[in-house]
Amino acid sequence: MLPIEQFPVLVVAISLLSALTILLAGWINKKSCFFISLATITFQFILSIFILHHVLTVGTIHYWLGGWRPPWGIEYVVDALNAYVLIIILFLSLLAAIYSKRSVEHEIDEKKLVTFYTLFQLLVTGLAGVVVTGDLFNMYVLLEVCSLAAYALIAVAGGRALKASYNYLVMGAIGVCFYLLGIAFLYSVTGTLNMGDMRLLLPALYGNKGVQLAFVFMFIGLGIKAAFFPLHTWQPDAYTYAPSAITVIISTAMAKASIYALIRIIFSVFTVDFITLFAPIADIISWVAAIAMIFGSILAIAQFNLKRMLAYSSIANIGYIMLGVGLSTSTTLGLTPALMHILNHALMKGCLFMAACGFIYKADLRDIRDLVGLARRMPYTCFAFLLAALSMIGFPPSVGFVTKLYLIFAALDAGKYIFIAVIFFSTLLMIVYFWHVIEIMYIRVEEGGEKEISVTEVPRSMFIPGLVLAFLCFIVGIIWLIGTPMPLMDAINSGLGLGVVP
Amino acid sequence: MSTEKRIQERDVVIQTIAKLMIPFIQLYGLYVMVGTEGAGGGFQGGTVLAASFILLVVAFGVDKGRMKMPEGWNAVFKSLGLYLYAGVGGLLCIIFSLGKAEYLNYCAIPLAKIIGGPATRGFWVGNIVEVGIGVTVMAAFVSIFYDLVRKEEKKEAKE
Amino acid sequence: MIEWIAQHIVAKYNFWIAIVIMLTGLYATIAKGNLLKKLIGLTIFQTSIFLFYISLSDVGTLAGLGLHYGTAPIVWEEGIHKGYMYVNPLPHVLMLTGIVVSAATTAVGLALVVRLYEEYGTLEEERIMEKEMEIERRGT
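Protein chains in written order, with the working numbering: chain A, 66 to 567; chain B, 5 to 163; chain C, 13 to 152.
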């Protein structure tokens, strides 16, 4: 066994060990918590790069925990899809960790600092675990690990965050229970919990009502976790009232892990055959996603609270990803647009939330109308916000533009022209609400100028991650257009049996 | 209210019975954890151990309880348990076998000279892991209980 | 008709009970205004899923009776001779994990409920929402 094949488990195990090391170290020195967390996440990120390299050059990694063979033991499987999502999640966790240093000192009671970082590390553990696991029940446990950490971390902010966290807990627990119920149905007909084994055993049973019911349960359960449109009700409050660093990590890494789980269940446990022949759900997903794109954008226009606006914008963007999923069965592009948007949305939304939380950090500016003339006082943060907002609108050659372009290609390829209109309309709505903010920040002049707030730039550890993400929005966009990561996308599509239209 | 006065108010019957029961409860907890021939029981044993400490606090008051099981120790126990579980049980398997065996593959720990066959080895290391799980669970439950107690104390102090 | 009832309701009574409990829990979670009652509903909901799993594990038959059930999954010479079948132990093990997870969820939920009560002085959802609106109005 190559040493590199141990990495999938190390990503999870070292993170878990580090979580409680933080608890111990915080007892001695509170300052060390942040550094241990940062070092661990950096280490995990480096491991994930090696994993991706290994997966691309050698092939899928199968890791049998405890040496037990797959149908009996838990198996960690890392193929191209896992490795890709793992890198995104750990990169954004890393930036969120850097960002958390100053914002946490500002927002959270010093007594809670140790617990905060312990939970933060547990959240990262859960996220990494959800992505690398190849076992249905193990995925349930790790989903709960990261969800429980997230509930507690949202509630750390106190005040209105408590109710938001409570709603998230109730919705999230119901969602995960639905997922568990789905596993029960699948287990009752196949007698296995391993995803790869399940994929082999299921096709003969596709006509079974229990299997179809299991699909519905799992789809709805994970849809709740991913905040897919009609199931999104917990999401705006949770994003709005959570502490800054937590908003960044749950809106990017956690949302992406849930979407990953959904894609894994749809295409890897069930197959394309199932969703085209036995449960024709692709069209339904596309239409609901189209509604989500418009609904989220319209509600975002109606908001005055900047973070809440971005939260509704997230709902619209989850709609973009799900539109890619819905179209994937009937186009040669396969899942490429959806996978692109997983990365792209993480970059853009991470940057936007970092900027929005920066405004709160410095001057407690939550309302969009209070941001008048802010660009002169916080040039870097506002510039990052501007770049990410432009990217969100779809300014070429940014990542938002690339997503929209590929989604339009996919819709053209599938012959579903109505979705092109939906994409254009949703873009129009995005221009309305982002331009509103940019106009207030950059162009509008204060009346009388007496409302001079002596605000300066946020600390360096807070605006640099935002700027990095903002520039990445454009750099990654160019990389997508050049087509460097396309072999990876093709590997994922062929692994899931997509990209071939009968 | 002073500490002595609080203790005096407590029931003698409960205190005596608790005194008699606690060692046996703890022994039973340890038995559930490692005494049986087979895997499992860490969580249950840890819960029983935690129950013994909770009984101690209920019978003798928080101050006596804190003397026996200081709150700071909880963090240590939690981490220690996890090190036993993930460190001994997992990472050492990888490290000692020079990356040839998997995580949680207890037989891979090279103690052949001392213990013998792979099954026995796995069983012994498995027992250490059970202790780790039990200690973590015990510390977690006790710390939850202490947190609730502290909340009540704060409320009393306010009044 | 009676045969149908015997086959689908009497023989599978634990599944029906699981469904009834599940819907009770889901109803309480959705319809109750009190946050603590919602949490109780959630716990009931989770418990019903455990019951469902445990019912699934019962794959054995007991000769002579119409009802199906297996023995404990312990190797037992006499039982094998009599033709008893043992239940599948895996769902039980899964549900041990499930119970731990459910307990953790409930613990976090209860902690949140305690904090909410300290913050707002009530657990009725409508009252909490009213108070939140009040805070919002004062804030702006």
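Think of the CB as a built atom: it goes at the ideal place given N, C-alpha and C, for glycine as much as any other residue.
Among the options, nearest to residue i - alpha-carbon criterion
| i | options | result |
| --- | --- | --- |
| K290/A | A320/A, V281/A, A279/A and L270/A | A320/A |
| F243/A | P103/C, L35/C, K24/C and T134/C | L35/C |
| M374/A | A193/A, K481/A, A365/A and D348/A | A365/A |
| L88/A | S102/A, V76/A and H501/A | S102/A |
| L534/A | L493/A, P550/A and L408/A | L408/A |
| W92/A | A307/A, I505/A and T180/A | T180/A |
| G45/B | T51/B, V52/B, V36/B and L53/B | V36/B |
| F499/A | T336/A, S362/A and M405/A | S362/A |
| N46/C | L135/C, R139/C, E146/C and K143/C | L135/C |
| V142/A | L178/A, G194/A, V210/A and P524/A | G194/A |
| T124/B | E41/B, L34/B and L24/B | E41/B |
| A116/C | E75/B, I18/B, G49/B and A144/B | A144/B |
| L130/A | W352/A, N259/A and C416/A | N259/A |
| S491/A | A322/A, F466/A and Y507/A | F466/A |
| A539/A | L436/A, F484/A and C416/A | As written in the sequence, residue 539/A is Phe, which differs from the Ala given in the question. Residue C416/A is the option with its Cα nearest to F539/A. |
| A222/A | K95/A, Y306/A, W133/A and F424/A | Y306/A |
| F578/A | A162/A, I239/A and V353/A | Chain A is shown only over 66 to 567; residue 578/A falls outside these bounds and no answer can be derived. |
| I140/C | A162/A, R225/A, A215/A and E170/A | R225/A |
First and last residue of the uninterrupted beta strand (DSSP E) at residue i
| i | result |
| --- | --- |
| Y141/A | E140 to V143 |
Distance CB(residue i)-CB(residue j) smaller than 9 Å
| i | j | result |
| --- | --- | --- |
| E140/A | Y128/A | yes |
| A310/A | S168/A | yes |
| S395/A | A479/A | yes |
| V313/A | C422/A | yes |
| G384/A | F284/A | no |
| Y164/A | P530/A | yes |
| A123/C | A217/A | yes |
| I69/A | F115/A | yes |
| L146/A | L561/A | yes |
Residue-level contact to chain C via CB, residue i, 9 Å cutoff
| i | result |
| --- | --- |
| A90/B | no |
| G272/A | no |
| I132/B | no |
| C416/A | no |
| K68/B | no |
| I58/B | no |
| F149/B | no |
| G223/A | yes |
Terminal residues of the alpha helix (DSSP H) in which residue i lies
| i | result |
| --- | --- |
| Y128/A | Run containing Y128/A: none in the alpha helix (DSSP H); it sits in the beta strand (DSSP E), I126 to W129. |
| M413/A | T401 to A428 |
| W299/A | No alpha helix (DSSP H) contains W299/A, which DSSP labels as neither H nor E. |
| V92/B | V92/B -> no alpha helix (DSSP H), and no H or E assigned at all. |
| E74/B | Reading the sequence as shown, one finds Pro at residue 74/B and not Glu. It is not in any alpha helix (DSSP H) - P74/B carries neither H nor E in the DSSP assignment. |
| K481/A | Careful: K481/A lies outside any alpha helix (DSSP H) and carries neither H nor E. |
| E209/A | L201 to A220 |
| G126/B | P122 to K162 |
| F47/B | G46 to F64 |
| Q368/A | Here Q368/A belongs to no alpha helix (DSSP H), and DSSP marks it neither H nor E. |
| H20/C | Counting along the chain, H20/C falls outside any alpha helix (DSSP H), and DSSP gives it neither H nor E. |
| A43/C | Y25 to A43 |
| N232/A | R225 to T255 |
Closer than 9 Å to chain B by CB, residue i
| i | result |
| --- | --- |
| F62/C | no |
| G76/C | Confidence at G76/C is low in this model, with a pLDDT of 48, below 50, so its placement is unreliable and the value that follows should be read with caution. Output row for G76/C: interface = no. |
| E515/A | Caution is warranted here: a pLDDT of 46 is assigned to E515/A, below 50, making its placement in the model unreliable, and the coordinate value is therefore given only provisionally. No, because no Cβ of chain B sits closer than 9 Å to the Cβ of E515/A. |
| M66/A | yes |
| A78/A | yes |
| L128/C | no |
| S114/C | no |
| L135/C | no |
| Q71/A | yes |
| T107/A | no |
| V74/A | yes |
Short CB-CB distance (under 9 Å) between residue i and chain A
| i | result |
| --- | --- |
| V32/C | no |
| A123/B | no |
| K82/B | yes |
| Y98/C | no |
| K104/B | yes |
| K49/C | no |
Residue ranges of each alpha helix (DSSP H) within the segment 102 to 187 of chain A, 4 or longer: If only uninterrupted alpha helix (DSSP H) runs of at least 4 residues are considered, those enclosed by the segment 102 to 187 of chain A are 145 to 172.
4-residue-minimum alpha helix (DSSP H) runs that sit fully inside the segment 520 to 563 of chain A, ordered along the chain: As summarised for the segment 520 to 563 of chain A, the continuous alpha helix (DSSP H) elements at least 4 residues long and confined to that stretch are 525 to 547 and 551 to 560, given in chain order.
Length at least 4, wholly inside the segment 85 to 124 of chain C: the alpha helix (DSSP H) runs in chain order: Fully contained in the segment 85 to 124 of chain C are the following alpha helix (DSSP H) runs of length 4 or more, in chain order: 89 to 94.
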